[in-house]
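To convert, note that position 166 of the sequence shown is 149 in my numbering; the numbers rise steadily by one, no gaps.
All C-beta atoms, glycine included, are put in the ideal place defined by N, C-alpha and C.
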Amino acid sequence: MQYQNQFANTGALVSEQNKVLRNTYLMLAMTMIPTVIGAFIGLSVNFSFMAQHPIMGSLLMFGAMMGLLFAVTALRNSVWGIAALLAFTLVAGVFLGPILQVALHLRNGAQLIGMAAGGTGLIFFSLATIATVTKKDFSFMGKFLFIGLILMVVASLANMFFAIPVLSLTISAIAILIFSAYILFDISQIIHGGETNYVMATMTLYLDIYNIFVNLLSLLMAFSGEKD
-16 MQYQNQFANT
-6 GALVSEQNKV
4 LRNTYLMLAM
14 TMIPTVIGAF
24 IGLSVNFSFM
34 AQHPIMGSLL
44 MFGAMMGLLF
54 AVTALRNSVW
64 GIAALLAFTL
74 VAGVFLGPIL
84 QVALHLRNGA
94 QLIGMAAGGT
104 GLIFFSLATI
114 ATVTKKDFSF
124 MGKFLFIGLI
134 LMVVASLANM
144 FFAIPVLSLT
154 ISAIAILIFS
164 AYILFDISQI
174 IHGGETNYVM
184 ATMTLYLDIY
194 NIFVNLLSLL
204 MAFSGEKD
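What follows is the structure, encoded as C-alpha cells:
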C-alpha cells in the first residue's frame, strides 16, 4: 500500500509538472503577439531622447521593465498576472523599437531581423528539446549563471560610459551564451518541480528569448550589416 501511495504521488507530481510545462509553452506563444504589436508601435516612436541621452534612456527603460516585472511577480497567482505579463511583453516589444529602427536603416536590415528571429527560435527549440527529452537536472548551473549575469550587467553598465565597440560585441556574445544556458536551467526547473507557477515560468523563458534575440541581432548588424 505504501508503494502504491508513493507511485500515485509521483504520478500526480509528474502530471502537474507536465501541466505547468504545457501551460508555459502555450503562454509563451501568446506573448509573441503583444511583442510583435509592441515592436510595430516601437518602429513609429521617436526615440531621439534615448539617442541623445543613452544612459538616462537606458535607466528609464530598465526602470519601466523592472516595475512591470514586479507587477507580474506580485500578481502571478491570479488572472491579473496573465494580464500583467502580456502588458510586460507589449512594452518589451515597444522597447525593441530603437534596435529595429537601426537595423532597418541597413540595406539588409529586414533580412538580419529575420535571421536573428530564426536563430533565436532555433536556439530555443533545440535547448528546450534537450532539457525536455533528457530530463537532466540543470539546477547545478544556477549559481554560476547568476554570477555570470551579475558580471555581465556590471560590464554593460560600465560600457554605457566608455562605449567601447569591442566590449559591446563581447558582452553580446556572452549574453547569448548565458541566456541560452538559462533556457536549459529554467525548463529544468519546471520539469523537476522547482517552478510550479506557469506565469513566472513564462516570464523567465520570455526574458531568455528576448535577450538572445536582441544580442544576436546586435552581432549580426555589427558583422553583416550593409550600409547604404
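Rounded separation between residue i and residue j - CA only
{"i": "residue 30", "j": "residue 116", "result": "43 Å"}
{"i": "residue 25", "j": "residue 153", "result": "26 Å"}
{"i": "residue 181", "j": "residue 92", "result": "35 Å"}
{"i": "residue 130", "j": "residue 40", "result": "26 Å"}
{"i": "residue 140", "j": "residue 43", "result": "13 Å"}
{"i": "residue 15", "j": "residue 72", "result": "8 Å"}
{"i": "residue 89", "j": "residue 21", "result": "21 Å"}
{"i": "residue 133", "j": "residue 151", "result": "16 Å"}
{"i": "residue 61", "j": "residue 108", "result": "28 Å"}
{"i": "residue 82", "j": "residue 201", "result": "8 Å"}
{"i": "residue 19", "j": "residue 49", "result": "20 Å"}
{"i": "residue 46", "j": "residue 138", "result": "18 Å"}
{"i": "residue 57", "j": "residue 210", "result": "45 Å"}
{"i": "residue 101", "j": "residue 194", "result": "14 Å"}
DSSP-derived helix/strand/coil call for residue i
{"i": "residue 146", "result": "coil"}
{"i": "residue -1", "result": "helix"}
{"i": "residue 208", "result": "coil"}
{"i": "residue 5", "result": "helix"}
{"i": "residue 213", "result": "The requested residue 213 is not part of the displayed model; the chain covers only -16 to 211."}
{"i": "residue 176", "result": "coil"}
{"i": "residue 197", "result": "helix"}
{"i": "residue 58", "result": "coil"}
{"i": "residue 28", "result": "coil"}
{"i": "residue -10", "result": "Below a pLDDT of 50, predicted positions are generally treated as unreliable, and residue -10, at 46, falls in that range; the measurement from the model is reported next regardless. Note: residue -10 maps to helix in three-state DSSP."}
Cβ neighbours of residue i in the same chain (closer than 7 Å, five flanking residues each side left out)
{"i": "residue -9", "result": "Low local confidence applies: a pLDDT of 46 at residue -9 is under 50, so the model's placement there is unreliable, with the coordinate-based value given in what follows. Within the same chain, residue -9 has no close Cβ partners at all."}
{"i": "residue 173", "result": "0, 3, 4, 7 and 184"}
{"i": "residue 165", "result": "128 and 191"}
{"i": "residue 198", "result": "155, 158 and 159"}
Contacting residues, own chain, Cβ-Cβ under 8 Å from residue i (five flanking each side not counted)
{"i": "residue 65", "result": "10 and 182"}
{"i": "residue 13", "result": "69"}
{"i": "residue 122", "result": "168, 171, 172, 175 and 177"}
Contact belief for residue i with residue j at Cβ below 8 Å, rounded distance in angstroms
{"i": "residue 203", "j": "residue 98", "result": "6 Å"}
{"i": "residue 114", "j": "residue 171", "result": "5 Å"}
{"i": "residue 17", "j": "residue 104", "result": "Not a contact, Cβ separation roughly 18 Å."}
{"i": "residue 74", "j": "residue 51", "result": "6 Å"}
{"i": "residue 95", "j": "residue 163", "result": "That pair is no contact at about 19 Å."}
Neighbourhood of residue i by C-beta, 6 Å cutoff - its chain only, sequence neighbours within 5 removed
{"i": "residue 28", "result": "80"}
{"i": "residue 187", "result": "169"}
{"i": "residue -14", "result": "Confidence in residue -14 is poor, its pLDDT being 49 and thus under 50, which makes the residue's placement unreliable; the coordinate value appears in the next sentence. Answer for residue -14: no residue qualifies."}
{"i": "residue 175", "result": "120"}
{"i": "residue 54", "result": "67"}
Fill in: Runs of alpha helix (DSSP H) lying entirely within the stretch 62 to 125, each at least 4 residues, in chain order
62 to 77, 80 to 87 and 92 to 117
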